[in-house]
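Residue numbers (my numbering), protein chains in the order written: chain R, 780 to 1085; chain E, 14 to 506.
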């Protein structure tokens, strides 16, 4: 065991929570906004992978990881626009479209990304907040990505925006009572399209985190299902952006459990610990479901709550 | 003003004069064109011909925003409130120049100033989902006043209110109109409201104006004649004066949870004898839906028992057949029918697996089902393109007739009906009520849940009031007093 013993595991899990939670955070914040407007976007996994690939490609070709992150976001917004455009047509089921886009996004990303598997792109910088410590474990844990800080600010900002801006009220109206929004003269289709594009943008940026920071490479095994788990995360967080932040940390910690235990020498049952985030998803969903009552706080226009 | 939707002429050369500061009632049955007329006023539809003049000047209204700018506002039948938001958020939503970043302190100050002028109190911070229907209605009206509308159109505003709440709201509207603050257009099919609260009335039938004038000069019978023309309405069936016989439907200490896991029906007990109609009065949302769902087998009770004909009733298909239990739930298109299936198939739901509709216990005979459907269509006067027509091509009244035909064609021993005449025209309503009375005279135990007190007073032998999941008051038909019943329906009971 390292000199920190079990403290090492805790620190590694905490560091992992911060590090690995960022894609969950971005995707869940994006999906919260989309679902608040009354639409479910299951295609975010595809958007995430597409964002990862396009971010990596642009970073490699231009030498700037930040430009890569931006382009990843734009690619995500484009996918969001595609989702909204199809779902705005009459009698279209947004769950089916989401799954179709999930497959399209991953397939397209793998196809276009083949030339970029071997080349190494510049990574996003990190802030070494743990430089004061002599222990490499603590230093590793406290290397924070600026994207995490962006997410840290974004969550309360989104929560504030939904209550205190006209745009926030309009999104909530469209998601809760589309008839009321129409009676007020707002175009329900336009609001949902913009909300889905914003959600896609965030998911794309979350994807670029995977390829440009941690794990920091591009290949076809990059995503471990963060996009799909983030959708469960949003439901568990009851569509509250601040709760999304804390639950993302929880998921990040669960994902980091396997490697953290490895670092203290526990290498048996490796795959079991790596399954922790998926088990957590199942456990949370089962615990928060009930045969007797329906979800509290779900925007009424979502297909899953009607 | 003239408006056509394809082949259908919804409005044919309709003219209306609204005097400022008056309450103008538009009376007519469903389908007469009342909603189309006001939607043209509000900019939802563009009329094919006709002009709109405001203060003598012609205006073209292309969309609701322009109507709002002219000071027109409308309170709809379905609420346009956002359930998850508070009353305050709902009120400021409609403001035209709402800033991008909302300054809540300023808005609060504005709201509080407005509250002082309002004739009724609104709790600003409660989420709308928790308000009762009457409070939501007041909030809707308050919203229009807050937004400074001068012409207010009310579309059947009292359909979800108790008689006293209805009187209170209409009284307030009349005061505001008389004080010069408002001009009110009241769409209704209730003569009582027209005669008590309106200054002028216009009667529409099938898209034409058939009469109108100052409300004081028209009496009730004249209004009825104008509204339905010369078509005869079924006379209410005579009430057979036999004493109730035998056990019918019994609820003992029944408790039911709603979708949120809270008690919707609290330890309720009731006995409906065979040959008796028990009416359950109450504003919707007090547990009626959950109670009917339990009786229909769509929900499990939390505790308590249901007995039919003296035996425990577990809502299996065999028991339903044996005891002749039928349920007419509200909104039949959603709860009791498959819209995509044909009329014949929908009519056969309760007996498709019995002979003669099923041979050898296995093969369904389409011919037998069609034969049964034709007979029922004739007997119950269902207007449909044929037995093979899809159910969702039928009008609301005919869907209700279909469900009724399915329920009343066989031997009915127990009937549970919830708002059976909601949204139907006068003729269909009279017909359905008379058939329910006929079932009662034949010995069925009938449980009738309704928001319409007139209906209950006409049909029920006994009336109980359901409030917040409990039966809080009971009266016999002879002793029934509308105001006492209405008071028990709200929290002032």
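Even for Gly, the Cβ is constructed at its ideal location relative to N, Cα and C.
Remember, predicted model here, so these are calculated numbers, not experimental data.
### Query
In its own chain, which residues sit with a C-beta less than 7 angstroms from the C-beta of residue 887 of chain R, not counting the 5 before and 5 after it?
829
#### Entry: Cβ-based neighbour list, residue 872 of chain R, same chain, cut-off 6 angstroms, excluding 5 preceding and 5 following
none
#### Entry: Where residue 506 of chain E falls, given that 16 or more other Cβ within 10 Å makes a residue buried
Any reading at residue 506 of chain E is ruled out, since the residue's pLDDT is 44, under 50, leaving its predicted position unreliable.
### Message
How far does the alpha helix (DSSP H) with residue 496 of chain E in it extend, from its first residue to its last?
### Response
495-502
#### Entry: Start and end residues, beta strand (DSSP E) containing residue 280 of chain E
276-286
### Message
Please list, in chain order, the chain E residues whose beta carbon lies closer than 7 angstroms to that of residue 952 of chain R.
### Response
The answer, in chain order, is 95, 106.
### Task
Whole angstroms is fine: what's the gap from residue 880 of chain R's alpha carbon to residue 986 of chain R's?
15 angstroms
### Message
For residue 980 of chain R and residue 852 of chain R, which I take to be in contact (beta-carbon distance under 8 angstroms), what is that distance rounded to the nearest angstrom?
### Response
4 angstroms
### Query
Using a beta-carbon distance cut-off of less than 7 angstroms, what residues from the stretch 947-978 of chain R approach chain E?
948, 951, 952, 955, 956, 958, 959, 962, 963, 964
### Message
Quick check: residue 1030 of chain R and residue 1008 of chain R, are their CB atoms within less than 9 angstroms of each other?
### Response
yes
### Task
Run the CB neighbour count on residue 94 of chain E, radius 10 Å, all protein chains shown included, and call it buried at 16 or more, exposed below.
buried
### Message
By the three-class DSSP mapping on this structure, what secondary structure does residue 899 of chain R have?
### Response
Coil, per DSSP.
#### Entry: Ordered list of alpha helix (DSSP H) runs contained in the stretch 32-97 of chain E, each at least 4 residues
47-55, 77-82
### Query
In chain R, which residues lie with their C-beta within 7 angstroms of the C-beta of residue 114 of chain E?
Among the residues of chain R, those whose CB is under 7 angstroms from the CB of residue 114 of chain E are 943, 944, following chain order.
### Message
To the nearest angstrom, how far is the alpha carbon of residue 320 of chain E from that of residue 328 of chain E?
### Response
10 angstroms
### Test: residue 178 of chain E CB closer than 9 angstroms to a CB of chain R
no
### Query
Is residue 997 of chain R near residue 832 of chain R, with beta carbons less than 9 angstroms apart?
Their beta carbons are under 9 angstroms apart, which means residue 997 of chain R touches residue 832 of chain R by this criterion.
### Query
Does DSSP put residue 819 of chain R in a helix, in a strand, or in coil?
coil
### Query
Is it the case that the Cβ atoms of residue 136 of chain E and residue 179 of chain E are separated by a distance below 9 angstroms?
Result no, Cβ atoms of residue 136 of chain E and residue 179 of chain E do not sit closer than 9 angstroms.
### Message
Quick check on the DSSP output: the alpha helix (DSSP H) that includes residue 227 of chain E runs from which residue to which?
### Response
Unbroken run through residue 227 of chain E is the beta strand (DSSP E), 221-227; no alpha helix (DSSP H).
### Query
Taking the C-alpha atoms as reference points, what is the distance between residue 284 of chain E and residue 263 of chain E?
Separation of residue 284 of chain E and residue 263 of chain E (C-alpha to C-alpha, rounded to the nearest whole angstrom) is 4 angstroms.
#### Entry: Endpoints, the beta strand (DSSP E) within which residue 480 of chain E is located
475-480
### Query
Got a sec, what are the start and stop residues for the beta strand (DSSP E) residue 487 of chain E sits in?
Residue range 483-489 is occupied by the beta strand (DSSP E) that includes residue 487 of chain E.
### Query
Per the contact definition of three or more C-beta pairs closer than 8 angstroms, is the stretch 105-115 of chain E in contact with the stretch 180-193 of chain E?
The stretch 180-193 of chain E, when compared against the stretch 105-115 of chain E, does not touch it at the 8 angstroms Cβ threshold.
#### Entry: residue 174 of chain E and residue 292 of chain E closer than 9 angstroms at C-beta
Taking C-beta atoms as the reference points, residue 174 of chain E and residue 292 of chain E fail to come closer than 9 angstroms.
### Query
In whole angstroms, what is the alpha-carbon distance linking residue 899 of chain R and residue 1033 of chain R?
29 angstroms
### Message
Quick check for students: name the residue ranges of the alpha helix (DSSP H) that lie wholly in the stretch 416-478 of chain E, counting only runs of 4 or more.
### Response
439-454, 466-472
### Query
Along chain R, which residues have their Cβ under 9 angstroms away from the Cβ of residue 77 of chain E?
Result: 961, 962, 963, 964.
### Query
So which residues on chain E does residue 1079 of chain R lean against when the C-beta distance must stay under 7 angstroms?
96
### Task
Round the Cβ separation of residue 936 of chain R and residue 848 of chain R to the nearest angstrom and send it over; I've been treating them as touching at under 8 angstroms.
Contact doesn't hold; Cβ gap of about 18 angstroms is too wide.
### Message
Nearer than 8 angstroms: is that true of the beta carbon of residue 907 of chain R relative to any heavy atom of the ligand GTP?
### Response
Inclusion of the ligand GTP in the displayed structure is not the case, the ligand content being empty and no account of it being possible.
### Query
Which ranges does the alpha helix (DSSP H) cover as unbroken runs of at least 4 residues, wholly within the stretch 993-1081 of chain R, from first to last along the chain?
The qualifying runs are 1005-1015, 1020-1042, 1049-1053, 1055-1066.
#### Entry: Segments of 3+ residues assigned as beta strand (DSSP E) that fall wholly inside the stretch 121-153 of chain E
none
### Query
Given that residue 373 of chain E touches chain R, what residues does it touch there, using C-beta distances under 9 angstroms?
The contacting residues do not exist; residue 373 of chain E stays about 38 angstroms from chain R at best.
### Query
In chain R, which residues lie with their C-beta within 7 angstroms of the C-beta of residue 111 of chain E?
Result: 945.
### Query
Bridge partners of residue 294 of chain E, per DSSP?
E:463, E:478
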